[in-house]
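Each residue of the sequence shown is one higher than the one before, starting from 1 at the first, in UniProt numbering.
Just so you know, even glycine gets a beta-carbon here, dropped at the ideal spot from N, CA and C.
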Amino acid sequence: MLTRAQHELLLPITQLTAINNIGWKHYGCYGHSLNLIVQDALIFIQPLLEKVKKIVRHYKTSSTALEKLLKAQTDDKSDCIPKRLIQEVPTRWNSTFHMFKRFVELEQYLRATMAILKKDLPIISNEEWLLLSEISKILQPFDQATETISGERYMTGSLVIVMTRCLLTACEKFIGEPFYEVTKEVIYRLRTGLVTRFGLVERSRTFATCTFLDPRYKLSVFGDQNEARNTKSYVQEMLVAMLAEESSQESSLPSASAGSSNTLD
Numbered sequence: 001m002l003t004r005a006q007h008e009l010l011l012p013i014t015q016l017t018a019i020n021n022i023g024w025k026h027y028g029c030y031g032h033s034l035n036l037i038v039q040d041a042l043i044f045i046q047p048l049l050e051k052v053k054k055i056v057r058h059y060k061t062s063s064t065a066l067e068k069l070l071k072a073q074t075d076d077k078s079d080c081i082p083k084r085l086i087q088e089v090p091t092r093w094n095s096t097f098h099m100f101k102r103f104v105e106l107e108q109y110l111r112a113t114m115a116i117l118k119k120d121l122p123i124i125s126n127e128e129w130l131l132l133s134e135i136s137k138i139l140q141p142f143d144q145a146t147e148t149i150s151g152e153r154y155m156t157g158s159l160v161i162v163m164t165r166c167l168l169t170a171c172e173k174f175i176g177e178p179f180y181e182v183t184k185e186v187i188y189r190l191r192t193g194l195v196t197r198f199g200l201v202e203r204s205r206t207f208a209t210c211t212f213l214d215p216r217y218k219l220s221v222f223g224d225q226n227e228a229r230n231t232k233s234y235v236q237e238m239l240v241a242m243l244a245e246e247s248s249q250e251s252s253l254p255s256a257s258a259g260s261s262n263t264l265d
């Protein structure tokens with residue numbers, strides 16, 4: 001009898017074998033691609049990222065620092081539930097987003113407690129605090145996309161075009177906002193990553209067909225209307241061919257009366 005660990009190890013292998021035998025196409029993980037895109041873009045703020053990680057690590061390992069942080073929150077608002085900092089998990093890019101978001105959320109309490117801690121912690125300048133806020137804002141749509149993907153065991157094909165279009169639209173919107181130049185460099189890199197990895201996704205017959213057949217989207221989410229029309233024509237032709245084949249199979253079957261010569265004596 002297989003253990004749970006052995007089953008989990010063999011499951012993707014047997015699933016991939018089945019997919020290959022059936023003839024279905026296999027695509028890489030969309031979430032993994034998003035992870036690579038975001039990680040690549042965050043290179044522009046690597047020094048600031050390291051500062052934040054060092055501070056968070058200290059509050060995670062020092063009971064004194066943590067106690068002061070929690071107390072500062074309850075002293076300010078006695079009825080609040082104090083929050084802790086979130087530590088980054090290297091294999092999950094959105095943990096970086098959540099780390100930044102919580103860090104900015106607790107800014108006033110971190111400023112107050114870091115000032116009295118006798119530790120050689122990195123100094124976060126006013127400009128860097130604003131930069132962290134901007135980065136958190138532009139990463140929000142990518143986090144939402146990741147959460148949507150994580151909500152299902154397998155991502156449906158119809159979501160690929162939709163998510164890609166939404167993320168590209170968000171990047172275009174952010175480019176027009178008065179952000180720091182470093183923030184805009186991150187946005188440009190995010191957009192470039194999306195275009196490089198998913199720029200031709202609407203030309204994929206598989207993803208385009210899945211999107212068209214999804215009643216939530218149909219043709220409304222296509223950015224290229226030529227591809228939308230081509231997909232509609234393809235599906236119509238496919239349906240006509242299927243109906244013709246079904247009709248041909250029915251006509252080739254012997255009639256019910258033809259072969260029933262056996263009678264009861």
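- Two segments are said to touch when three or more pairs of C-beta atoms, one from each, lie closer than 8 Å; by this definition the segment 168-185 does not touch the segment 211-218.
- Residues of the same chain with a CB within less than 6 Å of the CB of I86, apart from the 5 flanking positions on each side, are H98, M99, R102 in chain order.
- Taking all protein chains shown into account, L159 has 16 or more neighbouring C-beta atoms within 10 Å of its C-beta and is therefore buried.
- With 16 or more other Cβ atoms from the protein chains shown falling within 10 Å of its own Cβ, T146 counts as buried.
- Annotated as proximal: G157 and T206, with beta-carbon spacing under 9 Å.
- Cβ neighbours of T74 within its own chain (closer than 6 Å, five residues either side excluded): P82.
- As DSSP reads the structure, R92 sits in a beta bridge with V89.
- In the three-state reduction of the DSSP assignment, I81 falls in the coil class.
- For R216, the three-state secondary structure derived from DSSP is coil.
- Using a 10 angstroms sphere on the CB of T64, the tally of other CB atoms stays under 16, which defines it as exposed.
- With a threshold of 16 other beta carbon atoms within 10 Å, T164 meets it and is buried.
- At a Cβ-Cβ threshold of 9 Å, A170 and Y109 do not count as neighbours.
- Per DSSP, Y109 is one residue of the alpha helix (DSSP H) stretching across 107-116.
- With 16 or more other Cβ atoms from the protein chains shown falling within 10 Å of its own Cβ, D143 counts as buried.
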